[in-house]
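Structure record follows, encoded as structure tokens.
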Amino acid sequence: MLKKSTRSAKAPQRQVVLPFAKSVEIAVKSIRSRFFRSLVTTISLVLAISFYAYIKTNTHIVSGLLMSDHQSVIEQLALQGFDVPEPGQVHTTSPKERWILFLSLLVCVVGIVNTQLMAVADRFREIGTMKCLGALDRFVLRLFLIEAALQGVIGAAIGALSGTGIAVIGALIKFGPFAVQSADITQIAISMGLAIVIGCGLSIIGVLYPALLAARMQPIEAMRGRD
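Per the numbering used here, residue 7 is the first one in the sequence shown, and the count goes up by one each step.
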């Protein structure tokens with residue numbers, strides 16, 4: 007009996023793992039408690055994705071106008087500074103526009119990394135408490151990634167809708183309803199979906215390094231990090 011009780015006392019207990027839904031709930035509460043800091047990250051993402059969606063949607067609208075073969079519309083596009091391609095060629099984003107898009111997305115990622123690093127510094131004690139309660143590195147990492155994914159989806163969706171809307175309204179003002187009628191709605195919808203995917207990816211990439219730092223932090227270091 008003694009040997010049996012000793013074995014049962016020394017037997018390792020099964021590790022308790024929180025379900026994914028509980029991790030999402032914790033992430034949502036964390037975003038709410040740090041609303042203004044999360045808002046800064048989301049706004050930077052909204053601006054970058056809005057610019058991306060605007061450029062892409064504007065390109066699709068101009069392509070539709072050029073394919074309509076209306077000489078007056080083509081002349082109006084040339085007068086407004088658009089690059090009118092040769093007959094048989096498709097209008098695409100210019101190298102200058104692609105470079106500006108790359109810079110805007112890069113600035114967005116840098117801003118997210120900076121904001122998330124400050125968020126990790128503010129959450130030293132929270133991270134240390136979770137570590138002391140038995141949270142594994144992958145749980146802390148998953149928590150940060152879920153928060154980034156939620157912010158990315160919301161910010162990218164708002165940015166894609168606003169950028170597309172601004173491009174469509176501008177085309178309606180310049181060219182009238184004909185601009186929307188000649189545009190390829192399917193391509194515009196694909197560009198919006200791609201903008202949301204890119205925005206979510208940028209948010210996750212921006213939080214990856216701060217999340218790894220938080221996950222690998224030792225409990226004692228986290229608890230005294232703000233002292």
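Note that CB positions come from ideal geometry on N, CA and C, so glycine has one too.
Model, not experiment: these values are computed from the prediction.
Burial is judged here by how many other beta carbons sit within 10 angstroms of a residue's own beta carbon; I194 has at least 16 and is buried.
Short of 7 Å from the beta carbon of T48, and not among the five residues preceding or following it, lie these beta carbons of its own chain, in chain order: Q157, I160 and G161.
E153 is positioned such that its CB atom lies closer than 8 Å to that of S36. The segment 169-178 and the segment 205-223 do not touch, with fewer than 3 CB-CB distances between them shorter than 8 Å. Secondary structure of Q224 (DSSP, three-state): coil. DSSP, reduced to helix, strand and coil, places D128 within a helical segment of the structure shown.
Excluding sequence positions up to five before and after G205, its CB lies within less than 7 Å of the CB of L51, I55, G158, G161, A162 and G165, all in the same chain and listed in chain order. Within the model, the alpha-carbon separation for M136 versus M198 is close to 38 Å. Ranked by Cα distance from A125, the options R104, L107 and S39 are led by S39. In this structure, the straight-line span from the alpha carbon of G70 to that of G140 is close to 58 Å. Bounds of the alpha helix (DSSP H) holding G70 are F41 to M73. With contacts defined by Cβ atoms closer than 8 Å, I32 and L149 form a contacting pair.
By the neighbour-count criterion, in which a residue is buried when 16 or more other Cβ atoms sit within 10 angstroms of its Cβ, I118 is buried. Of the residues K180, T65 and F145, the one whose Cα lies closest to the Cα of V30 is F145.
Note on V68: 16 or more other CB atoms within 10 angstroms of its CB, so buried under the neighbour-count rule.
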